Each structure stands twice: as C-alpha cells, then as structure tokens.
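**Q** In this note's numbering, the protein residues as written are 10 to 454.
Ideal Cβ positions, reconstructed from N, Cα and C, are used throughout, including at glycine.
Nothing here was measured: the structure is a model prediction, and the numbers come from that model.
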C-alpha cells in the first residue's frame, strides 16, 4: 500500500508559488520542458530527508521549516545593498565584477562587461536565445538521478551569469561574481551560472555571497574548462546567520585542464555545497579545498563526487573544518574511477576540529574504483586541539588563548595553500583570523 507523504510547509509553499507566479517567471522555448519536468519531479518527491543516503546528515524536510516565497522582482531596501557590498571581502582586490541583487543582475553596480577576452551576459537579457556556447552547457552537465537543488533552481530560474573566456586568453584581472540578498522578509532566489573557459585560457573567478535576513539562495553553476585551460575559483560564503544556501556546481575538465576550487564557509544557518567534477580528457588536474568556520547552531554540508572517467588524471581534495558551540559540519566525498581510467591519481582528506563538546563533524569518504592501475586513497579525522601542542607553545611563553588561536589558524590555512592568486589567499586567511578574534572569549575556554 502506498501512503502519501504529507507536504511540509516549505514544500507546499514552493508548489503553490509556482502555480501563482508562473506567468511572472521568464519564459523561453529551451527552458519550458526542463522547467515542467523539474516541477513534476519536485511535486512528486519533494525535499530529501534523512532516509536518502546522500542527505542523511542534512534533512531538508526538517531544516526548511518555513516558506520562502520566490522573488519575482528585486525589491531591496534603501541603502541595504550598499551596506552589504561594503562587507565584500574582495573589495580591495583589483577586479571586475558582476553584481546580482536578490537574484537579479544589477548593471549599475557591475563593470565586467568590458573586460578584454571575456564575454559576459546576464541570463535574463538573453533568456529567449542564449549564445550557442551557453546553450551547449545549460542544464546539460547534470548526471543521472534526481537532484532537488537543481529541480528547484530550474523551476524558479530567473537570472544568472553567463561567462565565456576566449581561447588562449590570459585574464590577469579576476572576475568577481557578487551575490547580495538584501531584505528582512523570507524569500527565495534562484540563480543559474554558466562558465566556459576556452582552450589554453587562464582565469580567476572570485565569488562572494552576502545577505541579510531569512532567505534561501539556490545557486547552480555549470562549468566547462577547455583543453589546456586553467581556472581558479575562490568562494566566500558569508551569508546571514538566518539564511540558507543550496549550492550546486557541475564542472567538466577537458584534456590537460587545471582546476583550483577553494571555498570558505563562515555564514548561513544552513549551507549545502554540492560539487560534481568529471574528467573528459586525459592529463587533467583538479585541486579542491574548503574550510568551514562554524559557531552557534550553524550547519554546513559539502557533498562531492569526483568522476575519473578517463585515464591519467589527478585529483586532490582537502577540507579543514572548525566547529564551535553546537555547530554541525558534514563532509561526504566520493572518488569514482571508471574501468578505462587507468593511471588515476586521487587523494582525499577531510579533518574536523571541534572547539566544543557539543559540536559535531560527520565525514564519509568513499572510493569506488573499477580500474586496477591507480593510486587512490582517503583519510578523515575529527577531534579537539592537541593538548601537547598547546603545552608546547605555553612552555615558550605564549598565553593559552593565543596558543589555541595560532593552532586553529594554522589548521585552517592549509586549505588555502593551493590558491595561486596571492591577494585572494590573503583575504581568506584574514577572514579566518578575524573569525578567531571574534571567538577569542570562547577559545579561552
């Protein structure tokens, strides 16, 4: 006997919102079939719960306990956007930026439209007929299986950044994608980004998330890094402590491509980062790292799959996570090696540092290997600061609180070592130090 599962308040609100706001959403021939299919799937299955293996530590049915009405148009309060932009940690780095306010492109705050070697569009401006390079990517990198984050994004999709780096272009100036949610009422934004890095190109993308109030940001980014190209993607998630961010990135690497992807999560009530990397050509190399700085009742979950589908590629994943108070960190990482992907070199490490007896860190590393000539491994640790190291520093005249801060800072900074852009690396290290300074009273323990 099939028993219908009662919809949660959030699920019912999403379904009702589509019925009442559908006509106000942007429409396009290529989008409508995808949108209808996504809505039918979400209506039938809803949000995932802890009985779904990939979501067992991040039960969205429980965490999303209120309605988040999708925004049809940006309506920021006077002065709110400027106040939030003043907190952009990359503000002092010379860069060109694309700014999205409440999920909508703001041309007046953006200046990346004239960056040499880079083609940029707001998706809303070309929704009816996106450039051919974007059409080849939009919605086509998703793997098999249901993804509720992508479904909701597709249903309420309204805008996003389309970025193409020309073949052979070396973009010395970083491109900044700045996402600002300004308001006080619960709301939802759905943004879809597409990044195409041409063969032999080099680029750095700095991504910042800022906001105020109880919003839900659903962000999907689809990226292709061309043959011999190099992309560095550095993200700072500094959302409001009432906010929820569901982030979904699909990245495919052509032969000899290089990806460096680093994320610092220090805001948000709930953050779920999903990352799916697939190798399409031999000789590609991906370095993926991240750090959580969590306190209060914050919850951050990184779930990633690195799919070695071709031979002779390398992957490195390193996550250094700090949890205080009753914060909960989750890391789920899988390295997949196809039968034909001989000579794969894949390593994965996740480490949780607990500053409170009530803090939690759950880690689930996985290897799924169907080839016999590979070098793959994983490791995971979780625990408190080493008392022996604290004693060592104190014996040399360093006060206990300072000793703990030094150890935590060193623990976190390792996740930033692969960032090639020195300014961006310094920004993340500075943010970690600032977080520690704010927590100093608690660290005194």
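Look at the alpha carbon of residue 301 and the alpha carbon of residue 416, and state the distance between them as a whole number of angstroms.
**A** Residue 301 and residue 416: Cα-Cα distance of roughly 15 Å.
**Q** DSSP on residue 92, reduced to helix/strand/coil?
**A** Residue 92: helix per DSSP, three-state reduction.
**Q** Inspect the beta-carbon positions of residue 195 and residue 78 and report whether they are closer than 9 Å.
**A** Yes, these two residues count as a Cβ contact at 9 Å.
**Q** With respect to the alpha helix (DSSP H) encompassing residue 205, which residues constitute its N-terminal and C-terminal limits?
**A** Careful: residue 205 lies outside any alpha helix (DSSP H), inside the beta strand (DSSP E) at 196 to 206.
**Q** If you measure between the beta carbons of residue 243 and residue 219, is that distance less than 9 Å?
**A** No; because the gap between Cβ atoms is not below 9 Å, this pair is not in contact.
**Q** Would you kindly check if the distance between the Cβ of residue 189 and the Cβ of residue 107 is under 9 Å?
**A** In this structure, residue 189 does not lie closer than 9 Å to residue 107 by Cβ.
**Q** With contact counted as at least three CB pairs below 8 Å, one residue from each stretch, are the stretch 298 to 317 and the stretch 268 to 275 in contact?
**A** Cβ pair count under 8 Å is three or more, so yes.
**Q** Ends of the beta strand (DSSP E) at residue 374?
**A** That run of the beta strand (DSSP E) goes 369 to 378.
**Q** Could you tell me the alpha carbon to alpha carbon distance between residue 407 and residue 354, rounded to whole angstroms?
**A** C-alpha separation (whole angstroms): 41 Å.
**Q** Pairs of beta-carbons, one from the stretch 151 to 161 and one from the stretch 206 to 214, closer than 8 Å: are there three or more?
**A** Short answer: they don't touch.
**Q** Among the residues of its own chain, which have a CB less than 6 Å from the CB of residue 192, if the five just before and after it don't count?
**A** 222, listed in sequence order.
**Q** I want to know whether the stretch 361 to 369 touches the stretch 341 to 351 - three or more CB-CB distances under 8 Å.
**A** No: the two stretches stay apart, fewer than three of their Cβ pairs being nearer than 8 Å.
**Q** Excluding the five sequence neighbours on either side, which residues of its own chain have a C-beta within less than 7 Å of the C-beta of residue 37, listed in chain order?
**A** 136, 137.
**Q** Rounded to a whole number of angstroms, what is the C-alpha to C-alpha distance between residue 115 and residue 109?
**A** Distance between the alpha carbons of residue 115 and residue 109: 6 Å.
**Q** Residue 358 by DSSP, collapsed to three states: which one?
**A** Correct three-state label for residue 358: strand.
**Q** Using the DSSP secondary-structure output, state which residues sit across from residue 257 in a beta bridge.
**A** According to DSSP, residue 257 bridges with 229, 283.
**Q** I need the boundaries of the alpha helix (DSSP H) containing residue 81, first residue and last residue.
**A** That residue, residue 81, is in no alpha helix (DSSP H); it is neither H nor E in DSSP.
**Q** For residue 12 and residue 249, I'd like the C-alpha separation in whole angstroms.
**A** At residue 12 the pLDDT is 49, less than 50, meaning the model places this residue with poor confidence and gives no usable figure here.
**Q** If I'm right that residue 420 touches residue 329 with Cβ under 8 Å, what's the distance once you round it to whole angstroms?
**A** That belief holds up - the Cβ atoms of residue 420 and residue 329 are roughly 6 Å apart, short of 8 Å.
**Q** Give the straight-line distance between the Cα atoms of residue 201 and residue 166, rounded to the nearest whole angstrom.
**A** Distance between the alpha carbons of residue 201 and residue 166: 7 Å.
**Q** Report the residue from 255, 234, 264, 274 whose alpha carbon sits nearest the alpha carbon of residue 247.
**A** With distances taken between Cα atoms, residue 247 lies closest to 274.
**Q** For a minimum of 4 consecutive residues, which ranges assigned as the alpha helix (DSSP H) are wholly contained in the stretch 111 to 175?
**A** For the stretch 111 to 175, whole alpha helix (DSSP H) runs of length 4 or above, ordered along the chain, are 141 to 144, 157 to 165.
**Q** Distance, Cα to Cα, residue 44 vs residue 163?
**A** Cα-Cα distance, rounded: 5 Å.
**Q** Which partner residues does residue 77 have in the DSSP bridge list?
**A** In the DSSP output, where bridge partners are listed per residue, residue 77 has none listed.
**Q** DSSP three-state call for residue 349: helix, strand or coil?
**A** Here residue 349 sits in coil by DSSP.
**Q** Using only alpha-carbon positions, find the residue among 32, 46, 55, 27 that is nearest to residue 20.
**A** Minimum Cα distance to residue 20 is reached at 55.
**Q** Tell me which residues share the same chain as residue 103 and place their Cβ nearer than 6 Å to its Cβ, disregarding the 5 neighbours each side in the sequence.
**A** Answer for residue 103: no residue qualifies.
**Q** Taking just the CA atoms, how far does residue 309 sit from residue 73?
**A** Taking the straight line joining both Cα atoms gives about 14 Å.
**Q** Kindly list the residues whose CB is nearer than 8 Å to the CB of residue 347, restricted to its own chain and excluding five residues on each side of it in sequence; keep chain order.
**A** Around residue 347: 316, 317, 318, 319, 379, 380.
**Q** Looking only at its own chain, which residues have a Cβ that is under 6 Å from the Cβ of residue 294, when we skip the five neighbours before and after it?
**A** 267, 323.
**Q** What did DSSP end up calling residue 52 once you bin it into helix, strand or coil?
**A** Note: residue 52 maps to helix in three-state DSSP.
**Q** Verify whether the separation of the beta carbon atoms of residue 258 and residue 231 is less than 9 Å.
**A** Contact: yes.
**Q** Helix, strand or coil for residue 311? Go by DSSP, reduced to three states.
**A** Strand.
**Q** Which one of 305, 240, 265 has the shortest CA to CA distance from residue 288?
**A** Comparing Cα-Cα distances from residue 288 to each of 305, 240, 265, the minimum goes to 265.
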